[in-house]
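Okay, so here's the structure we're looking at.
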Amino acid sequence: MPEIPEMEIYKDYLNKWVKDKRISEVNVLRVKSVNLESVDFCHNLIGKRILDITRRGKYIIFHLDDGYFLLTHMMLDGRLFLLPIDESKEDQPIKNLKSEVVNSGAEDLRQRIKQLPGKPSVIFGLSNDLVLFFCSLTLGYLRYLSQDELEAKLGELGSEPLDPSFDAQEFNRLLTGKRGMIKPWLMNPKNIAGVGNAYSNEALFGAGILPTRLISTLSSADRIRLYNSLTMILRDSIRLGGDMEEPFAPWDDFTGGYNPYFKVYDRTGKPCPVCQNVIEKSEIGGRNAFFCSICQK
């Protein structure tokens, strides 16, 4: 599932390529992926200009010029793909932007555009001959929301770990008095927004803390190490390209660059990069935990 680094990279790409563009066409290929009837969803979006794109936790938020917002969550498999249209190229897979985007089906598009990172769920035709695909939104979604509706949704989220106001003291305050194991707590978006399975595993390894450790047993030094490990890993992943293997656009050779740097996540049976002990896996709260039983206590 995309987490803070992957969504931050999406946000930066969208601001570079999609900000200030106008939505000229909309095709809803999976009706369950949007919060309105398809006709109403399309009617509300067509003609709107995208003023800004921001991120909160794992959400991407499109700010529209009608005062409304488009909230999107990729969930497990959702991906974005931007396709520039060049009518002059003979091998261009889409020749007529409006008719092809509006009338093509998902499987037809996947056959014609081999780089799509999944089955298209919703498609935007944008000004300047761009097409933005929201793919594989089986669990993910798009929500057209008012200011009040957006604030209510975002109000459910906890602290943003890369916010300048989020320091070690605030992290310690959030942990004070809490019960249960540390890994599920880190992954709960009501506590920390945007941290999932991959980066919670990595942060705990970097701090030398087992994912099964009870929060009540963490010392002040443990908490500081965990704060430093979490924020450093998130920033490093953003800088290096995040974890997703699927590119954002045909020219994108940056996305996924952090994948080789994972130390324990999804490395069951491989040697620990510090002590060479075998990386272990167990299930905690329904999610896989990856750890080194020598380096983590």
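Residues in the sequence shown are numbered consecutively from 3, following my numbering.
Glycine is no exception: its CB is placed at the ideal position from the N, C-alpha and C atoms.
Under the three-state DSSP convention, the category residue i falls into
i                : result
serine 90        : Interpretation of serine 90 is limited by its pLDDT of 48, a score under 50 that renders its predicted location unreliable; no figure is taken from the coordinates.
lysine 100       : Because the pLDDT of lysine 100 is 48, which lies under 50, any placement of that residue in the model is unreliable, and the number read from its coordinates should be weighed accordingly. Here lysine 100 sits in helix by DSSP.
phenylalanine 71 : strand
methionine 183   : strand
glycine 208      : helix
proline 166      : coil
proline 262      : helix
tyrosine 61      : strand
valine 197       : coil
isoleucine 235   : helix
proline 145      : First, the amino acid is wrong: residue 145 is arginine here, not proline. Looking at arginine 145 - three-state DSSP - the assignment turns out to be strand.
serine 35        : helix
leucine 159      : coil
arginine 269     : coil
arginine 175     : helix
arginine 215     : coil
leucine 84       : strand
serine 222       : helix
asparagine 279   : coil
asparagine 190   : coil
Whole-angstrom distance between residue j and residue i, CA atom to CA atom
i              : j             : result
leucine 82     : arginine 215  : 36 Å
asparagine 290 : lysine 185    : 10 Å
valine 276     : glutamate 158 : 38 Å
lysine 100     : serine 129    : In this predicted model, lysine 100 has a pLDDT of only 48, less than 50, meaning its place in the structure is not dependable enough to derive any value.
lysine 192     : tyrosine 61   : 14 Å
leucine 228    : leucine 141   : 31 Å
methionine 76  : glutamate 153 : 19 Å
lysine 116     : proline 122   : 12 Å
histidine 45   : glutamine 149 : 19 Å
serine 221     : arginine 57   : 32 Å
leucine 164    : threonine 233 : 7 Å
arginine 112   : glycine 196   : 30 Å
leucine 72     : valine 280    : 44 Å
alanine 223    : tyrosine 70   : 44 Å
serine 90      : leucine 132   : Reliability of the predicted coordinates at serine 90 is poor, the pLDDT of 48 falling under 50, and no value is obtained from them.
glutamate 285  : cysteine 297  : 19 Å
aspartate 110  : serine 138    : 15 Å
glutamine 171  : leucine 212   : 22 Å
lysine 34      : alanine 108   : 14 Å
glycine 303    : leucine 66    : In this structure the chain extends from 3 to 299, so residue 303 is not present and cannot be described.
arginine 162   : lysine 155    : Reading the sequence as shown, one finds glutamate at residue 162 and not arginine. Each residue's alpha carbon lies about 15 Å from the other.
methionine 246 : alanine 209   : 24 Å
aspartate 169  : cysteine 294  : 27 Å
leucine 38     : glutamate 151 : 14 Å
lysine 50      : lysine 23     : 9 Å
Bridge-paired residues (DSSP) for residue i
i            : result
cysteine 44  : DSSP, once it has assigned bridges, lists no residue as partnering cysteine 44.
leucine 66   : Ile52
leucine 228  : Note: leucine 228 sits in no beta bridge, so no partner.
arginine 241 : Its beta-bridge partners do not exist; DSSP assigns none.
Start-to-end residues for the alpha helix (DSSP H) that takes in residue i
i             : result
arginine 24   : Looking at the DSSP string, arginine 24 is not in any alpha helix (DSSP H), and its letter there is neither H nor E.
aspartate 255 : Element bounds for aspartate 255: n/a, residue is neither H nor E.
leucine 111   : 108 to 114
Under 7 Å between C-beta atoms of residue i and residue j
i                 : j                 : result
leucine 231       : alanine 200       : First, the amino acid is wrong: residue 231 is serine here, not leucine. No, these two residues do not count as a Cβ contact at 7 Å.
leucine 147       : threonine 74      : no
valine 41         : valine 124        : no
asparagine 17     : isoleucine 63     : no
isoleucine 317    : isoleucine 48     : Since the first residue of the chain shown is 3 and the last is 299, residue 317 is not available in this structure.
lysine 13         : isoleucine 52     : no
alanine 251       : leucine 78        : no
phenylalanine 135 : valine 28         : no
glycine 198       : methionine 3      : yes
tyrosine 260      : leucine 236       : no
proline 7         : serine 239        : yes
leucine 177       : isoleucine 217    : yes
glutamate 248     : proline 119       : yes
phenylalanine 292 : tyrosine 263      : no
glycine 244       : isoleucine 194    : no
lysine 265        : phenylalanine 173 : no
serine 202        : methionine 189    : yes
Where the beta strand (DSSP E) containing residue i begins and where it ends
i              : result
isoleucine 286 : 282 to 286
arginine 289   : 289 to 293
proline 7      : Segment 6 to 19 is the alpha helix (DSSP H) holding proline 7; no beta strand (DSSP E) there.
leucine 134    : 132 to 137
leucine 128    : 122 to 128
Residue i Cβ short of 6 Å to the ligand NAP heavy atom set
i                 : result
phenylalanine 256 : This structure lacks the ligand NAP; in fact it carries no ligand of any kind.
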